[in-house]
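Chemist: The opening position of the sequence shown corresponds to residue 0 in numbering that gives the first Met the number 0, with each subsequent residue numbered one higher.
Glycine residues also receive a C-beta, built at the ideal position from the N, C-alpha and C atoms.
As the structure is a prediction and not an experimental result, all values here were calculated from the model.
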Amino acid sequence: MRLPTIFLCTRLARQYCSISHKMAMKDTIFLFDMDGTLSRPRQVIDPEFYKFLLNDVRPKVPIGVVGGSDLSKIMEQMGGKQALTDLDYLFAENGLVAYKNGEQIGMQSIQSFMGEEKLQKFINFCLAYMSKITLPCKRGTFIEFRNGMINVCPVGRSCTQKERDEFFLYDKEHKIRLKFVEALKKELPDLGLEFSIGGQISFDVFPHGWDKTYSLNFLEQYSTIHFFGDKTNPGENDFEIFQDSRTIGHTVTSPEDTKNQLQQLLGL
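1) Quick check: what's the CA-CA separation for D87 versus V60?
2) Could you say which of D26, F31 and K25 lies nearest to K230 if we only look at CA atoms?
3) Measure how close the beta-carbons of V65 and M148 come, nearest whole angstrom, since I'm counting them as under 8 Å.
4) Please report the straight-line C-alpha distance between D164 and S201, rounded to a whole angstrom.
5) Quick check on the DSSP output: what are the complete alpha helix (DSSP H) runs of length 4 or more inside the region 221–267, in order along the chain?
6) Give a yes or no on whether the C-beta atoms belonging to L267 and V56 are separated by under 9 Å.
7) So, using beta-carbon positions, are Q103 and Y213 closer together than 9 Å?
8) Quick check on the DSSP output: what are the complete beta strand (DSSP E) runs of length 3 or more inside the region 10–86, in order along the chain?
9) Taking only three categories from DSSP, how would you classify G197?
10) Pick out whichever of M113, L192 and G197 has its Cα sitting closest to the Cα of C152.
11) Taking its Cβ as the centre, do 16 or more other Cβ atoms sit within 10 Å of T133, making it buried, or is it exposed?
12) What's the gap between the Cα of F121 and the Cα of L187?
13) Between M129, A127, K258 and I142, which has its C-alpha nearest E47's C-alpha?
14) Sorry if obvious, but does the Cβ on G63 come closer than 8 Å to a heavy atom of the ligand ADP?
15) Which residues share a DSSP beta bridge with F121?
16) Assuming contact is defined by CB atoms lying nearer than 9 Å, are N146 and L95 in contact in what I supplied?
17) Which of helix, strand or coil does DSSP assign to G208?
18) When DSSP labels each residue in this structure, what does Q103 get in the three-state scheme?
19) Beta-carbon within less than 6 Å of C136's beta-carbon, same chain only, minus the 5 sequence neighbours each way: which residues are those?
20) Whole angstroms are fine: how far does the CA of I73 sit from the CA of L7?
21) How big is the Cα-Cα spacing for N93 and H207?
22) Could you round the C-beta distance between D240 and K211 to whole angstroms and report it? I think they count as a contact, below 8 Å.
23) Considering just the uninterrupted stretch of the alpha helix (DSSP H) at I175, what are its terminal residues?
So this is what it looks like as structure tokens:
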């Protein structure tokens, strides 16, 4: 969807006028998506890029990461457990699991929020729906139950990288995930759930308001929040936080593009 010209101009003005290379940035934070922004999907961040973030960016401005994956997956992609203390903030599961300087500052549970009856109604529909679709391949772990969300993966999260890439191309042509989400919205409209398609093989499911904007609840002390993400179109998992009035959104196309934009913004 093409955003109105006035909206785009306003956002661009906010992006490039809000940062002065000479100003103190104690009230500013840079917040990053993980897959496609800091690393390739489900891959480990490039060590040189990681050093750049810590040695060049963080001395100028606090940095945080917000991702839909659980904590262990994000730490794995960031190169290990040291990410908890290397980063000022680490938000797993869209911020439902939140850390500041290595200390946990937030935890929310979808199970206690929804209740078992609604959860099983949702899971049973998903399993029945997936049993009726044919894909290039199907593997294992079709539904991953996380602390703050449910991840639904038609091809199965145990697929190989080659099978992941094959499904991604198949999905781009046949809209498997999009049609799945549309069916869920039609059949289960009263569960109070939102759906976010991201990455290559799955989509996230969570209660209303539990998208990546949830992480902003922990950043109220910052007057300026720059968010960097690659899935910023409507229906994608960075859209809500990208267009939120509390953030200045930056669309990136790759980790290399993220680095280039940081260099331009900070005059590095």
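Modeler: Short version:
1) 10 Å
2) F31
3) About 13 Å separates the two Cβ atoms, so there is no contact after all.
4) 12 Å
5) 238–242 and 254–265
6) yes
7) no
8) 27–31 and 62–65
9) Here G197 carries a strand assignment [DSSP, helix/strand/coil].
10) G197
11) exposed
12) 8 Å
13) Across the set M129, A127, K258 and I142, the C-alpha of K258 shows the shortest separation from the C-alpha of E47.
14) Inclusion of the ligand ADP in the displayed structure is not the case, the ligand content being empty and no account of it being possible.
15) For F121, which the question treats as bridged, DSSP gives no partner whatsoever.
16) yes
17) DSSP, read as helix, strand or coil, puts G208 in coil.
18) Assigned with DSSP and collapsed to three states, Q103 falls in strand.
19) E162
20) Note that L7 scores a pLDDT of 46, beneath 50, so its modelled location is shaky and nothing firm can be said.
21) 12 Å
22) A small fix is needed here, since residue 240 is Ile in this sequence, not Asp. Confirmed, Cβ separation roughly 4 Å.
23) I175 to E186
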